[in-house]
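Each step along the sequence shown adds one to the number in this note's numbering, with nothing skipped, and position 75 is 675.
Built from N, CA and C at the ideal position, the CB exists for glycine as well.
Treat the numbers as computed from the prediction; the structure is a model and nothing was measured.
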Amino acid sequence: MSPDRDTSLAHFPSKFFSDIPHLFIPENITPFAVGTAATAYDWAALDGQNSLASDLRGWNTQSLFDFGNFYGAGWVEGGLGVGGWGLGALTGDLRLQEFGRDACESLAASTILVEGVKVTVNRTRPNGSSD
Numbered sequence: 601m602s603p604d605r606d607t608s609l610a611h612f613p614s615k616f617f618s619d620i621p622h623l624f625i626p627e628n629i630t631p632f633a634v635g636t637a638a639t640a641y642d643w644a645a646l647d648g649q650n651s652l653a654s655d656l657r658g659w660n661t662q663s664l665f666d667f668g669n670f671y672g673a674g675w676v677e678g679g680l681g682v683g684g685w686g687l688g689a690l691t692g693d694l695r696l697q698e699f700g701r702d703a704c705e706s707l708a709a710s711t712i713l714v715e716g717v718k719v720t721v722n723r724t725r726p727n728g729s730s731d
């Protein structure tokens, strides 16, 4: 449960901005460092070989990617978060309201961070899109 039990929509922006500094705490240094090192290794060593992509070409994984592309899409995840938040408000279920609000907050924070990285590194997909 979130320590902040105010689940009103008006309170969302202040909660969101007060929680952002908590992303950058000492406990998060290790996962961020490991992720950064793995990404740097991938760019430096594996991109030249394109080994992962060549291995995946032989597999029949299209249905797996379609599943993830649909259920992992922001509008589906965001809709479920907002839906949980709203359903909790309609039924008076404070835990469901908090879960929906926290899910929306985490999606907003991850979207801001990921889009920032995409713009910073000028990331494009092999098909030329910048999704």
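The three-state secondary structure of residue 629, taken from DSSP, is helix.
Counting only residues of its own chain and dropping the five nearest sequence neighbours on each side, residue 688 has a CB closer than 8 Å to the CB of 607, 694, 695, 696, 697, 698, 699 and 700. It is roughly 22 Å from the alpha-carbon of residue 678 to the alpha-carbon of residue 719. Secondary structure at residue 624: coil, using DSSP grouped into helix, strand and coil.
A residue is called buried once 16 or more other Cβ atoms fall within 10 Å of its Cβ, and residue 642, having fewer, is exposed.
With contacts defined by Cβ atoms closer than 8 Å, residue 705 and residue 616 form a contacting pair.
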